[in-house]
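The numbers in this note's numbering rise by one with no breaks, and the one at position 83 of the sequence shown is 201.
All C-beta atoms, glycine included, are put in the ideal place defined by N, C-alpha and C.
Working notes for the structure below.
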Amino acid sequence: MKNLILIGAGGCGREVLQWAKDVNRASPRWKIKGFLDDNPNALDGKACDAKIIGTIADYSPQDDDEFLCCLGTSATRERVFNTLQARGARFTTLAHPTAVVSDSCELGEGVILYPFALVSPNAKIGRGCIINMYSSVTHDCQLGEFCTISGHCDITGACVLGARVFMGSSSQITPGTQLGDDVWICAGSCVMTRARAGVKLLGVPAKIVKF
């Protein structure tokens with residue numbers, strides 16, 4: 119049985135800790151070793167039975183370690199993921215027991231699927247993506263690396279998302295839409311047209327905004 123180390127002891131990390139426990143209850147997979155966090159006080163005042171075992175900067179990956187990067191900001195998650203991978207860290211995937219995962223989909227290294235997430239046939243999810251609760255990635259979609267999909271989002275058929283796309287809660291993307299890298303979709307928005315890299319989108323239908 120491998121040791122599981124969660125990178126980041128903030129809200130996302132503590133959620134993923136629970137999902138890892140749920141995986142273990144269904145079928146024992148990991149010994150949960152603890153968190154890496156550069157803030158030694160990150161768990162102060164929080165009910166949590168896992169401990170911070172070291173800093174991201176100083177930890178040396180061991181042969182029996184597997185990692186999940188639980189940092190909510192896509193660019194930070196990518197940077198830390200690459201830093202630790204360069205030191206020999208091996209990243210695993212986590213799909214909550216209630217997630218629906220097609221046999222024909224592809225999940226990259228370090229993907230985290232929250233409870234009741236859905237990944238449909240022939241969808242491709244890049245490494246380091248997080249798909250939150252009740253969100254769906256439907257048939258033939260492609261998500262670039264380190265996308266962050268918040269809860270109750272809907273990515274419909276054959277959409278193509280670049281790297282580090284962020285979708286706020288309850289946002290939607292209509293079929294066949296293509297988005298560049300680093301697109302930010304505000305909560306509750308519906309994206310119906312192609313969007314270039316780096317823009318922020320708000321509204322129904324979503325339009326480019328600056329703020």
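What distance in whole Å lies between the Cβ atoms of residue j and residue i, which are believed to be in contact at a cut-off of 8 Å?
i, j, result
"I150", "L161", "Going by Cβ atoms, the distance from I150 to L161 rounds to 14 Å, so no, they are not a contact pair."
"E184", "N121", "7 Å"
"G172", "L154", "6 Å"
Using a threshold of 8 Å, state whether the C-beta atoms of residue i and residue j are closer than that.
i, j, result
"G228", "T211", "yes"
"Q296", "R312", "yes"
"F284", "W302", "yes"
"I170", "A127", "yes"
On the DSSP bridge list, what partners appear for residue i?
i, result
"M285", "I267, I303"
"K139", "Bridge partners of K139: none, in fact."
"Q121", "Looking at the sequence itself, residue 121 is Asn, so the reference to Gln does not match. According to DSSP, N121 bridges with K149, D183."
"K242", "E224, Q260"
Measure from the alpha carbon of residue i to the alpha carbon of each residue in the options, then state which is nearest.
i, options, result
"T216", "I230, C265, I273, C187", "I230"
"F234", "K242, S268, A204", "S268"
"D221", "K328, S238, F209", "S238"
"T256", "D176, I248, I249, I273", "I273"
"G306", "D300, I248, P293, A324", "A324"
"A207", "D176, A213, H214", "D176"
"V198", "Q290, E133, I174", "I174"
"V219", "Q203, S253, A193, S192", "S253"
Would you say the region 138 to 149 touches the region 245 to 262, given that touching needs at least three Cβ pairs under 8 Å? no
At a cut of 8 Å, does the region 239 to 253 reach the region 164 to 177 through at least three beta carbon pairs? no
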